[in-house]
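Enquirer: End of the sequence shown sits at 1001 in UniProt numbering; the numbers just go up one at a time, nothing left out.
Quick reminder that beta carbons are idealized off the backbone N, C-alpha and C, glycines included.
This structure is in structure tokens; I'll ask about it shortly.
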Amino acid sequence: MGLERFRVKTPGMVALLARSLLCIIGLLLTFSQPICEAFNLDVENPAVYSGPKGSYFGYAVDFYLADSSSVVIGAPKANTRQVNVKEGGSVFYCPWGLSQSDCHTIEFDNEGDRTVLLNNTEHQVDFKSHQWFGATVRSHGDTILACAPLYSWRTEKDTPLSDATGTCYLSAHNFTKFVEYAPCRTEISDAVGQGYCQGGFSADFTTDGKVVLGGPGSYFWQGQVISAAKEDIIKAYYPGYFIQSVESQIQTRQVQAKHDDSYQGKRIFVLFDNCIFTHILICLPYFHWPKSWKHFYLQMGSYFGYAVATTDINSDGMADLLVGAPMFMVRGSDGRLEEMGRVYVYLQRGPLSLELLLPHLTGTQVFGRFGSTITPLGDLNQDGFNDVAISCPFGGEDQQGLVYIYNGYSEGLREKPSQVITGQWAAGTVPASFGFALRGAKDLDMNGYPDLIVGAFGVDKAVLYRSRPIVNASATLTVYPTMINPEEKNCMITNGNNSIPVSCVNLSFCISADGKHLPDFQVEVQLDSHKHKQKGAVKRALFLDSQQPLLQRSVTVRHGERVCNHTKIYLKDEKDFRDKLSSIYVALNFSLDPKAAADSHGLRPILNYQSANVVEQKAQILLDCGEDNICVPDLKLVVQGKEVYLGDDNSLTLTFNARNEGEGGAYEAELYVVLPPEADYSGIARNNELTCSYDTENQTRYLSCDLGNPMKSGTSLWAGLRFTVPRLKDAHKTVQFELQIRSKNENNSHSEVVPYKLEVVVQADVILQGVSRPDKVFFPPANWRVTKSYGVEQDVGPAVEHIYELVNNGPSRISHTLLELRCPLSVQGHTLLYPLEFSTEGPINCTSDKHMNHLHLKVSVSHADSCSNVECWTLQCNVGLLEKGTTAILKVRSRVWAETFIEQYVLECLARYSVEKMPYAILPRHAPSGHKKVVTPVVWNKPDIENSVPLWIIILAILAGLLLLALLIYVLYKFGFFKRSLPYGTAMEKAQLKPQAASEA
């Protein structure tokens, strides 16, 4: 029974419970009071200590400052030189300042398993293999306490069973004396007594140096707490004696069976000098439950009390309490419970009077076990309030572990961490468990700031983080005068060989700094003239020294002194920027020079996190707005426009009148137009000086047009904007634009929004055109003879074709149109036309009321004005969908009945159309309709005779031509035209020519 209970409930055999390192409450220290955030742990240059692989080096850590600056690190699975002992565990001593590989083991116990001689037979009485020595390590002054909670010894000589009583060793007087302390190793064995005590599973020192041990397995796991002065423990130690009697030792006793499985002593934390937290509160020497603690257990299974620490976080002189619940469950956004962990903070308002601080500190990493370890850090940032570190050993990416630094202040503990330290090692088969062990509140390197050591036993490491010195700096920035007058050019800048006058104002900045243990240091100062909180804005002011919007300077600041510098800023040319209203902000940003030398401890100072390292001042541009420099416009907007047509993709125009009737100018005035989904911007209709830009923001398409900077008082501007409406639909009867005048003035900056609606209209311009081919028919036809039988269509008479075109000129579509054609067929029993066939093009379908030759087409009889005295034939057509610009064509070919005509006659056909339907939900204002007459005159004559010339006229013309030719020849003869002339004239002329002249000629 007892053995079964031991195997099931031994925390050392369960991965979750195999933890003997918990936090000790440090001394309540008082320091100076600069104000800053605890961001100063140097995570870039930590000291990393490594132990034997697989030894769980880093399972427990502590500082040891008795003889020199060093740390002690437990490795409960390390192998030692003890004979026949496997993984007995060890504690390493690691001096500060030497090589990180110079850690060496502290020889608490060199013996192997011990035996006794009974009846001339050696009996093994203790078992040190797998005892987890070093699972608990604590130091106090020159004393180090190290425990092996799974150490076992045999109390009954005739049974193979052994009791896991646990044991501890003390190194006193700077390693000059080693003693064993095993208060659970008594004659009260087995589960009924202290046989499964596991003494040293947790341990701590009180502030006056008393040792406090927890034994969670005593008395059927009721648990036990044992305490004794370390001087009495040393005095009572005798080598070879397994059972000790310590004079000052006190301990809890067995109670009623209903308290079995209470695990008292599983976690030991010394509180308030004489009180111990052991999952229940025990105050020594008298045990009682404070009434104010009755509501500690807030969620079952959260492991409330797994980690506990006390420190004065609000600097009221009383220690406050922090309690971890690393398996606290939080309901997520999907309603499911997630294990996050939580830390509860209790402020001590009076002796053992605790007030729960809200809100609680809750983890953010699922299964990260936030709150597994809590350790006081002392006044890490020297602000007068103590700080704490809280671990999340399985948090972060790859479960590498996280450690959060929280700062104390006058109201308790700040809600957000000022620094988060991440483990350097990703999780493998065993998580690194970075943060499983924490220890702080000791100044290892003696630089005046406490340090922190973090254990990561999963990778056999321990990491020391030192605190960097903190610089408390302050800066002032002054701009004078604060108003820049663009008309006063009181400074000069050089542009090439030219000097340009500019408007400028003065600028000065001063920096002072102090801190603890600080040398003189370099401060990098950056000045920035910018438009406040607007990325990508045009820089309106530049520094006179650099002619750039940035100015950088390096300033040397001596401890406690104040250093001042001066410069100027000037205004750029007004054409280079638009914003004249908003303030010109000048920002001073300062930081420590990262290239500055480290201090004597090898640490670079860090700027106070809470210090305002950015200082801003502003200047205004002087406006023409009176003494108060405030312009108040009165903006009015009137909009005009016409209707829009369905199907139209042409432009529509909105004409607007923008006025400013106020007492001041409207700066950066713009017409803001929100476009409906149906419309697109295409350009400016009037006023070439108007400039507009088109943009989209949050799926809203808008147009902004510049109206002036400023739009002066009394301005009245008429202009037009052109749009197209290619996506117009009949779902809405109107299209709405929203227009508004906007300016950047502080007062009365906008006009009223004008929601201008344009009516959506359905309208189509339909044209019916007709033509006759040929346009005239001449009789009698050529080569035509009257016959009594008609074999081919040419026997009837000359051909005539009528062509009709129904054209939709838009803008809207028409979906169904009735087209009717009426032509005369006979008069007084005499046939006029002989229709042969018809053809169509486009969405048109026709039928005839008469048989048309061999096609046998049917049409219905109808009456028309042109057929009132004659018999007509009718052709009816249905025209389908006609888009804008499309045409339906009807061609009718007929023969004129030649035998009927003996005189001139006009054949007249009448075509009518009426639009019956348009494919829209919106009804048209007017249904298009019309008609077209096509005439074919019949002319009775002989075209070949009328056009021929009589023979006598031809003969007469020939004779007249011959006579005229003879007369012309006679006249030329009389004038000597036909006489031949000599080339050189007369003989006399030849004789008078000189030889030279003749040769030249």
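#1: Report the start-end ranges of each beta strand (DSSP E) in the segment 764-839 that is 3 residues or longer and not cut off at the edges.
#2: Nearest to Ser-546 by alpha carbon, out of Met-492, Ala-719 and Cys-94?
#3: Would you give the residue range spanned by the beta strand (DSSP E) that Ala-229 belongs to?
#4: Taking the straight line between their C-alpha atoms, what separation do you get for Pro-469 and Tyr-303?
#5: To the nearest angstrom, how far is it from the Cα of Ser-812 to the Cα of Ser-894?
#6: Name the two residues that bound the continuous alpha helix (DSSP H) containing Val-935.
#7: Taking the beta strand (DSSP E) that Trp-718 falls in, what are its first and last residues?
#8: Return the chain-ordered ranges of every alpha helix (DSSP H) run that is complete within the segment 537-613 and spans a minimum of 4 residues.
#9: How many angstroms separate the CA atom of Ser-148 from the CA atom of Ala-78?
#10: Please report the Cβ distance between Gly-720 and Thr-655, rounded to the nearest whole angstrom; I am assuming they are in contact, meaning their Cβ atoms lie under 8 Å.
#11: Suppose only complete runs of 4+ residues qualify. What are the alpha helix (DSSP H) ranges in the segment 293-376, listed by chain order?
#12: Rounded to whole angstroms, what is the Cα-Cα separation between Leu-21 and Lys-539?
#13: Could you tell me the alpha carbon to alpha carbon distance between Ser-929 and Lys-642, rounded to whole angstroms?
#14: For Glu-670, list the residues DSSP reports as bridge partners.
#15: How many whole angstroms separate the CB atoms of Cys-631 and Tyr-672, which I take to be in contact at a CB cut-off of 8 Å?
#16: So, with DSSP's three-state summary, where would you put Ala-182?
#17: Given a cut-off of 7 Å, decide if Asp-706 and Thr-691 are closer than it, judged by their beta-carbon atoms.
#18: By the three-class DSSP mapping on this structure, what secondary structure does Trp-96 have?
#19: Quick check: Ala-462 and Ile-73, are their CB atoms within less than 7 Å of each other?
#20: With a Cβ-Cβ cutoff of 7 Å, do Gly-371 and Gly-341 count as a contact?
#21: Starting from Ser-512, follow the beta strand (DSSP E) in both directions and report where the run begins and ends.
#22: Which value, in whole angstroms, describes the spacing of the CA atoms of Glu-746 and Gly-664?
#23: Report the option in Asp-379, Arg-185 and Tyr-920 whose CA atom is closest to the CA atom of Leu-413.
#24: With a Cβ-Cβ cutoff of 7 Å, do Ser-503 and Pro-481 count as a contact?
#25: If Thr-817 and Ser-914 are in contact, beta carbons under 8 Å, what's the gap, nearest whole angstrom?
#26: Which residue from Thr-847, Phe-57 and Gly-384 puts its Cα closest to that of Phe-838?
#27: Which one or two residues does DSSP pair with Arg-912 in a beta bridge?
#28: Please classify Ser-171 as buried or exposed, where buried requires at least 16 other C-beta atoms within 10 Å of its C-beta.
#29: Among His-750, Glu-524, Ile-569 and Asp-765, which has the Cα closest to the Cα of Phe-543?
#30: Leaving aside the five residues before and after Ser-512 along the sequence, list all residues of the same chain whose C-beta is less than 6 Å from its C-beta, in chain order.
#31: Would the beta-carbon of Ser-353 be found less than 6 Å away from any heavy atom of the ligand ADP?
#32: Is the segment 116-124 close to the segment 37-52, with three or more CB pairs under 8 Å?
#33: Please look up how many angstroms separate the CB atoms of Thr-165 and Gln-194, rounded, as I've assumed it's under 8 Å.
#34: Mind listing, in chain order, the continuous beta strand (DSSP E) runs of no fewer than 3 residues lying wholly within the segment 366-444?
#35: What would DSSP say about Val-762, mapped onto helix, strand or coil?
#36: Can you tell me the Cβ-Cβ gap for His-360 and Tyr-344, rounded? I've got them flagged as a contact below 8 Å.
Expert: In this structure, then:
#1: Runs of the beta strand (DSSP E) inside the segment 764-839: 764-773, 777-779, 799-811 and 816-827.
#2: Relative to the Cα of Ser-546, the nearest Cα in the group Met-492, Ala-719 and Cys-94 belongs to Met-492.
#3: Residue range 224-229 is occupied by the beta strand (DSSP E) that includes Ala-229.
#4: Cα-Cα distance, rounded: 37 Å.
#5: Computed Cα separation, rounded: 35 Å.
#6: DSSP places Val-935 outside any alpha helix (DSSP H); the residue lies instead in the beta strand (DSSP E), whose first and last residues are 929-940.
#7: Note, Trp-718: beta strand (DSSP E), 716-724.
#8: Under the rule that a run must span 4 or more residues, no alpha helix (DSSP H) segment is found entirely inside the segment 537-613.
#9: Reading off the sequence shown, one finds Ala at residue 148, where the question assumed Ser. CA-to-CA, the gap between Ala-148 and Ala-78 works out to about 12 Å.
#10: Yes, they are in contact, since the Cβ atoms of Gly-720 and Thr-655 sit about 5 Å apart, within 8 Å.
#11: The segment 293-376 is shown to contain no whole alpha helix (DSSP H) run of 4 or more residues.
#12: The predicted model places Leu-21 with a pLDDT of 29, which falls under 50 and marks its position as unreliable; any figure quoted below should be read in that light. Roughly 59 Å separates the two Cα atoms.
#13: If you draw a straight line from the Cα of Ser-929 to the Cα of Lys-642, it comes to about 25 Å.
#14: Per DSSP, the beta bridge partners of Glu-670 are Asp-706 and Arg-742.
#15: Not really, about 19 Å apart at Cβ, beyond 8 Å.
#16: Note: Ala-182 maps to coil in three-state DSSP.
#17: Contact: yes.
#18: Three-state result, Trp-96: coil.
#19: Yes, the pair counts as a contact, with Cβ atoms nearer than the cut-off.
#20: Cβ distance < 7 Å, so Gly-371 and Gly-341 count as in contact.
#21: That run of the beta strand (DSSP E) goes 504-515.
#22: Near 12 Å, if we compare the C-alpha coordinates of Gly-664 and Glu-746.
#23: That would be Asp-379, whose Cα lies nearest to the Cα of Leu-413.
#24: Taking 7 Å as the Cβ cut-off, Ser-503 and Pro-481 do not qualify as a contacting pair.
#25: So it is a contact: roughly 7 Å between Cβ atoms.
#26: For Phe-838, the nearest C-alpha among the options comes from Thr-847.
#27: The partner list for Arg-912 (beta bridge, DSSP) reads Glu-820 and His-931.
#28: Counting the other Cβ atoms within 10 Å of the Cβ of Ser-171 gives 16 or more, which makes it buried.
#29: Nearest option by C-alpha distance: Ile-569.
#30: Within the same chain, Ser-512 has close Cβ partners Ser-474 and Arg-562.
#31: Inclusion of the ligand ADP in the displayed structure is not the case, the ligand content being empty and no account of it being possible.
#32: Judged by Cβ distances under 8 Å, the segment 116-124 makes no contact with the segment 37-52, as fewer than three pairs qualify.
#33: Confirmed, about 6 Å.
#34: Qualifying beta strand (DSSP E) stretches, in chain order: 374-378, 387-392, 402-406, 419-422 and 437-442.
#35: DSSP, read as helix, strand or coil, puts Val-762 in coil.
#36: Indeed they touch by this definition, with Cβ atoms about 6 Å apart.
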